[in-house]
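Residue numbers (UniProt numbering): 1 to 239. Each residue gets a CB set at the ideal place from its N, CA and C atoms; glycine is no exception.
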């Protein structure tokens with residue numbers, strides 16, 4: 001006689017539903033020694049399913065062996081074995097071209113576009129400041145060369161024995177009188193490393209590169225300048 005799994009009422013053997021509450025009845029058959037062998041386990045895509053369960057693991061009600069879900073609460077009566085993913089073999093599919101393999105990336109060296117700073121070169125040595133008239137020479141048209149003395153000041157003109165005046169550069173022997181050179185015509189001197197010429201109130205004047213010089217107004221002279229005393233021409237060499 002089956003009992004209702006819900007209200008516990010007894011029901012006839014042929015009843016499929018409880019006469020008391022209408023719940024579905026589960027027939028209970030006593031096992032016998034001569035009963036047929038148990039059905040083989042049900043096989044699903046996920047593996048074999050346990051079919052020997054007689055009670056629901058969730059609500060405890062009796063279930064029919066072989067059922068997949070509990071008739072009372074709907075809980076699954078078996079657990080599929082965990083699906084183990086099997087990595088696909090590294091075999092190209094038919095009709096699919098193989099994927100190209102690339103070498104591992106190499107480190108990239110970035111070169112700076114900033115130009116290298118120029119190598120500093122030492123400036124040329126400054127010339128030694130001149131302290132005297134040494135190295136200054138006067139070249140005449142007749143080929144004569146007169147060197148100025150190694151002093152800071154030198155007078156140029158004509159010698160005058162009467163007044164006992166003898167200039168540092170005496171132009172008497174080079175046509176000084178004929179060309180209008182005075183006895184104390186002018187002077188050369190050095191100031192702050194530069195050579196200057198000054199006319200000393202001469203009668204016939206002094207000319208530097210064709211330009212008349214004002215008396216008592218020093219003018220700087222350089223290598224290659226032409227100095228004319230009266231009518232006597234001189235070329236200045238500065239070494």
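Check, Outcome
"Could I get the ranges of all uninterrupted beta strand (DSSP E) runs contained in the segment 127 to 212, with 3 residues as the minimum, in chain order?", "136 to 140, 145 to 147, 153 to 157, 186 to 191, 194 to 199 and 206 to 208"
"Looking only at its own chain, which residues have a Cβ that is under 7 angstroms from the Cβ of residue 132, when we skip the five neighbours before and after it?", "150, 151, 152 and 190"
"Are the Cβ atoms of residue 200 and residue 184 separated by less than 8 angstroms?", "yes"
"Once the 5 residues before and after residue 158 are set aside, which same chain residues still bring their CB inside 8 angstroms of it?", "167, 170, 171, 172, 176, 177, 181, 182, 183 and 185"
"Which residue marks the beginning of the beta strand (DSSP E) containing residue 226, and which one marks its end?", "226 to 229"
"Taking 8 angstroms as the cut-off, decide whether the C-beta atoms of residue 246 and residue 76 are in contact.", "The question about residue 246 has no answer, for the chain in this structure spans 1 to 239."
"Measure from the alpha carbon of residue 237 to the alpha carbon of each residue in 231, 228, 222 and 230, then state which is nearest.", "222"
"CA-CA distance, residue 11 and residue 4?", "7 angstroms"
"For the candidate residues 239, 120, 161 and 217, whose alpha-carbon lies nearest to that of residue 225?", "239"
"By Cβ distance, which residues of its chain are closer than 8 angstroms to residue 219, with the 5 residues on each side in sequence left out?", "196, 197, 198, 208 and 213"
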